[in-house]
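The structure appears right after this line, and notes come after that.
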Amino acid sequence: MAPIKRSNDSVFWFMNDLTSRIVAESGIPSDRHHLGKMILQGLKDFPDMVMQRSVRCAESLRRHGLQAGDVIVLMAPNHLDIAIPFYAALYLGVMIAAVDRNLSIGHEKAPDIQLALNNIELNSQIITFDKGDYLLSFNEFLAICEETISIENFSILFTDQEYLLLELQNSILKLQLPVARQGCQRPRKQPIRTSLSLYPISALIHCIASPILSYTRLQTSLPLTAEHACNLIDTYKPTYTVLSPTFLTALLGHKDLCDFASFELIMLGGSAVPVELITKLKSVSPNTDVYNVFGMSELTGICFTPDFSPPGSCGRPMGCLQYKVS
Numbered sequence: 001m002a003p004i005k006r007s008n009d010s011v012f013w014f015m016n017d018l019t020s021r022i023v024a025e026s027g028i029p030s031d032r033h034h035l036g037k038m039i040l041q042g043l044k045d046f047p048d049m050v051m052q053r054s055v056r057c058a059e060s061l062r063r064h065g066l067q068a069g070d071v072i073v074l075m076a077p078n079h080l081d082i083a084i085p086f087y088a089a090l091y092l093g094v095m096i097a098a099v100d101r102n103l104s105i106g107h108e109k110a111p112d113i114q115l116a117l118n119n120i121e122l123n124s125q126i127i128t129f130d131k132g133d134y135l136l137s138f139n140e141f142l143a144i145c146e147e148t149i150s151i152e153n154f155s156i157l158f159t160d161q162e163y164l165l166l167e168l169q170n171s172i173l174k175l176q177l178p179v180a181r182q183g184c185q186r187p188r189k190q191p192i193r194t195s196l197s198l199y200p201i202s203a204l205i206h207c208i209a210s211p212i213l214s215y216t217r218l219q220t221s222l223p224l225t226a227e228h229a230c231n232l233i234d235t236y237k238p239t240y241t242v243l244s245p246t247f248l249t250a251l252l253g254h255k256d257l258c259d260f261a262s263f264e265l266i267m268l269g270g271s272a273v274p275v276e277l278i279t280k281l282k283s284v285s286p287n288t289d290v291y292n293v294f295g296m297s298e299l300t301g302i303c304f305t306p307d308f309s310p311p312g313s314c315g316r317p318m319g320c321l322q323y324k325v326s
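Residue numbers (the working numbering): 1 to 326.
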């Protein structure tokens, strides 16, 4: 029988250590909430090409005149480099509009985007991850300051981001609300090894969390199918993922080809999670913890803890947060 797992504070100890080092260096208390600085510190702790390329991208964005409050749009396939401008924008306080290409983009539409920009008389630059006929490629964009930038001396300018931008969206209404970062927080061992990011929302979470918490993010640029996902799972043995009930049902249909035993944790969300589906998954992989996180995308994170919760429940209130029913 697998050991009983209880909620613990290990991730908070980890985050306190990371953010205290950031604040000690900058002298700015609010830096413990700065995602860009947390990501950069995480990449400095485990330096690799990702840190170097994200710093060069940030400097290239600066030289193009972008500053805190400006907006970039990321609209591309799940390219292996797509996290680089994502991190660079967070370093500079630049807002990121991430567009899921599966919603309306069946293929690359750089010419259509250029026409749209011309129609609204907006002088924005299009940068492609692949090599285009007339557009600047991402590698060429990074090379703009390759000779002059010092990776070691790169610093993030102070921006007092008191509010986060929370986007709430459903089939009827779409809202963007500024939320105070301390608004829901009460005054006062490395958790993951390998995560499998397959969906836009979970991919964004992993893009932010993987360099901060120092775990490996497994992603693919190929079209998503159950067969391809099973191949990734069997080849790389991820320990954590976030799936929709629909896609999990498709994977369970290939259970003879897909070994779920490597998963320590699977979170299910995006639509209502049937209790029968969790029961079926536990019968295939009894040692995997399965959490129902339906409805928590709008909360920007997991706000309930599934600590011995009854079937069908999304968890119990967490002691570090405040709750209000309205």
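In this text, a Cβ means the ideal position worked out from N, Cα and C, and glycines have one as well.
Residues that residue i bridges to, as DSSP identifies them
| i | result |
| --- | --- |
| ALA97 | VAL73 |
| LEU136 | ILE127 |
| ASN292 | LEU268 |
| THR305 | ARG316 |
Cβ-Cβ distance between residue i and residue j below 8 Å
| i | j | result |
| --- | --- | --- |
| LEU40 | TYR91 | yes |
| LEU265 | THR288 | yes |
| LEU268 | LEU243 | yes |
| TYR236 | LEU218 | yes |
| MET38 | ILE28 | no |
| ALA338 | ALA88 | No information on residue 338 is available, as it lies outside the stretch 1 to 326 that the chain covers here. |
| LEU94 | ILE72 | Checking the displayed sequence, the identity of residue 94 turns out to be Val instead of Leu. In contact: VAL94 and ILE72 (Cβ atoms closer than 8 Å). |
| CYS349 | PHE294 | Nothing about residue 349 can be reported from this structure: the residues present for the chain run from 1 to 326 only. |
| LEU74 | ALA98 | yes |
| VAL275 | PRO311 | yes |
| ASN292 | CYS314 | yes |
| VAL284 | LYS255 | yes |
| ASN119 | SER221 | no |
Assumed close pair residue i, residue j - CB separation to whole angstroms, cut-off 8 Å
| i | j | result |
| --- | --- | --- |
| PRO223 | SER262 | Not quite, the Cβ-Cβ distance comes to about 23 Å (not below 8 Å), so this is no contact. |
| LEU252 | PHE14 | That belief does not hold up - the Cβ atoms of LEU252 and PHE14 are roughly 33 Å apart, past 8 Å. |
| LEU135 | ILE127 | 7 Å |
| ARG63 | ILE156 | Not really, about 16 Å apart at Cβ, beyond 8 Å. |
| MET318 | PHE308 | Actually they do not touch by this definition, with Cβ atoms about 14 Å apart. |
| LEU61 | VAL50 | In fact, because the Cβ distance is near 16 Å, the residues do not count as touching under 8 Å. |
| LYS131 | SER137 | 5 Å |
Option in the options with minimal Cα separation from residue i
| i | options | result |
| --- | --- | --- |
| ASN231 | CYS258, CYS207 and ARG217 | CYS258 |
| TYR240 | SER210, ALA226 and VAL284 | SER210 |
| PHE129 | ASN139, GLU121, ALA226 and ASN123 | ASN139 |
| ILE149 | PHE86, PRO286 and ARG53 | ARG53 |
| HIS228 | HIS34, PRO111, VAL290 and ALA250 | ALA250 |
| ARG56 | ASP81, ALA76 and HIS33 | ASP81 |
| GLY270 | VAL11, SER124, PHE154 and MET296 | MET296 |
| ILE96 | LEU66, ALA226 and GLU121 | LEU66 |
| PHE260 | ILE233, LEU18 and LYS280 | ILE233 |
| GLN215 | HIS34, ASP31 and PHE46 | Here residue 215 turns out to be Tyr, not Gln, going by the sequence shown. For the residues HIS34, ASP31 and PHE46, the minimum Cα distance to TYR215 belongs to PHE46. |
| SER20 | SER10, ARG32 and PHE12 | ARG32 |
| GLY36 | ILE84, ASN16 and PHE12 | ILE84 |
| GLU152 | ASP48, GLN322 and PHE12 | ASP48 |
| ILE205 | ILE302, ASP9 and GLU25 | ILE302 |
Near the ligand PLP: residue i beta-carbon under 7 Å from a heavy atom
| i | result |
| --- | --- |
| THR128 | For the ligand PLP, the structure offers nothing, since it holds no ligand at all. |
Inset, instruction - Can you check the region 194 to 266 for any alpha helix (DSSP H) of at least 4 residues that lies completely inside it and give the ranges in chain order? - result: 200 to 213, 226 to 236 and 245 to 252
Inset, instruction - Could I get the ranges of all uninterrupted beta strand (DSSP E) runs contained in the region 23 to 79, with 3 residues as the minimum, in chain order? - result: Annotation: the region 23 to 79 contains the following complete segments of the beta strand (DSSP E) (minimum length 3 residues), in chain order: 71 to 74.
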